[in-house]
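So for the sequence shown, my numbering puts the first residue at 4; every next one is plus one. I have placed the structure first, in the form of structure tokens, so that the comments after it can refer back to it.
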Amino acid sequence: MRALIRYFSLVLLLALPASAAFAASAYVHSLSGTLAARVGPGPAIPLKIGDTFDPGVTLVTGANSDAVVKFEDGQVITLAPNTQFAVREYNYNKRSVRESNVVFALLRGGLRFVTGVIGATNRNAFKLNVGTATIGVRGTDGVVTYDDIANIITAATNAGALQLQNQGFLTGVASGQITSGSLTRGQTYASVAIAQATPDLTAAINSINAKAIPINTPVVVAASARAAAAQEAARIAQAAADAPGATQAQLELAQRAQQLAQDALNTAIAEAVNAFNAAQQGGGTIPAPPAPVGPVETGQAATTGQQGRLQSVIEQLQPPPKPLSP
């Protein structure tokens, strides 16, 4: 009876939209530990894989927790443990991508960002506020950490270039470089090779880069969120089926969950192709792929067969990257 209840609970879970609480500008792609969303002074709302959210949300990871979120234009954000990340503005105009803009804020902790179509099309359309500083994007992939107690910022570039502006002072951080310092007035920053940074800074950057991320091409958020939730449900069901003493009902449940996940994945792939085409038709520049500093998923696959299918789709979705717009 309990197995039957779990079966119907899983089916109902996969039949529901990822989250009815927020509009679909982005979704939780992967999560280890805890993640919560806060809107204004309201209470924190726990999030799970497949939940979606909208601008105005502050995301908070717990201790020993990390998360990856993906936005409609393909923008990917990895959140380190004990991080507070605010989505101030997110406007994606698919009909005229150049009119889109992004304003994020890192309130504390650390993150990796890989720009999507918005940042690739118009480099001035992406801003990351960190304390009194603003990070501008001149590339695709970077890591930023902020100690809000000591008021110290660290910015590293995996690919492309970053511009750190703080109270009138501008510092460029080229690909493979890192800079770090206090956000006090008059502070100047020197950029050095990441390999030459102190061991603690290098370890912090490497830890964030080590988290697997999806490709940074456009998606239909609702479809991708549902696929992510379905893959997670299938993983849980398979773990139960692989445990010693698993019942026949658990084995059948895992098989059914895998099929539901495959169906959701197929839909997400088809919708992603449409989103990719829409971005190009709207004048968007398809971004360069993430820098090879950590694992990049071939998709939301739960089996080897699904991964192979996704790889062929990714090859269609990622032609040779166009140069960044001036």
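The C-beta atom is built at its ideal place from N, Cα and C for all residues, glycine as well. Just so we're clear, the structure is a prediction, and the values are computed from it rather than from any experiment.
Rounded to the nearest angstrom, the gap between the Cα atoms of residue 44 and residue 205 is 36 angstroms. Taken in chain order, the whole alpha helix (DSSP H) runs of length 4 or more contained in the segment 214-269 are 224-245.
The beta carbons of residue 267 and residue 215 sit no closer together than 8 angstroms. Separation of residue 208 and residue 281 (C-alpha to C-alpha, rounded to the nearest whole angstrom) is 34 angstroms.
Residue 290: not part of any alpha helix (DSSP H); DSSP gives it neither H nor E. If the five residues before and after residue 121 are omitted, its C-beta is found closer than 6 angstroms to the C-beta atoms of 76, 103, 105 and 128, all from its own chain and listed in chain order.
At least 8 angstroms separates the beta-carbon of residue 112 from that of residue 68.
Taking 4 residues as the shortest admissible run, the segment 95-154 contains the following complete alpha helix (DSSP H) segments, listed from N- to C-terminal end: 120-124. Distances from the CA of residue 218 to each of 294, 28, 94 and 87 were compared; the closest alpha carbon is that of 294. Looking at the backbone, the Cα of residue 135 and that of residue 183 are separated by about 14 angstroms.
Taking residue 80 as the centre and dropping the five residues before and after it, the same chain places the C-beta of 72, 114 and 116 closer than 6 angstroms to its C-beta, in chain order. Residue 53 and residue 288 have their C-alpha atoms roughly 27 angstroms apart. Assignment of residue 168 by DSSP, reduced to helix, strand and coil, places it in the strand class. The three-state secondary structure of residue 274, taken from DSSP, is helix.
With the rule of 3 Cβ pairs closer than 8 angstroms, the segment 225-241 counts as touching the segment 271-285. Pairing residue 107 with residue 89, the inter-Cα distance amounts to about 6 angstroms. Counting the other Cβ atoms within 10 Å of the Cβ of residue 98 gives fewer than 16, which makes it exposed.
Here residue 204 carries a helix assignment [DSSP, helix/strand/coil]. Between residue 162 and residue 185, the C-beta gap is not smaller than 8 angstroms, which leaves the two residues out of contact. In this structure, the alpha-carbon of residue 32 lies about 25 angstroms from that of residue 126. For the pair residue 200 and residue 148, the Cα-to-Cα distance works out to about 14 angstroms. Looking at 271, 235, 194 and 260, the one whose alpha-carbon comes closest to that of residue 223 is 271.
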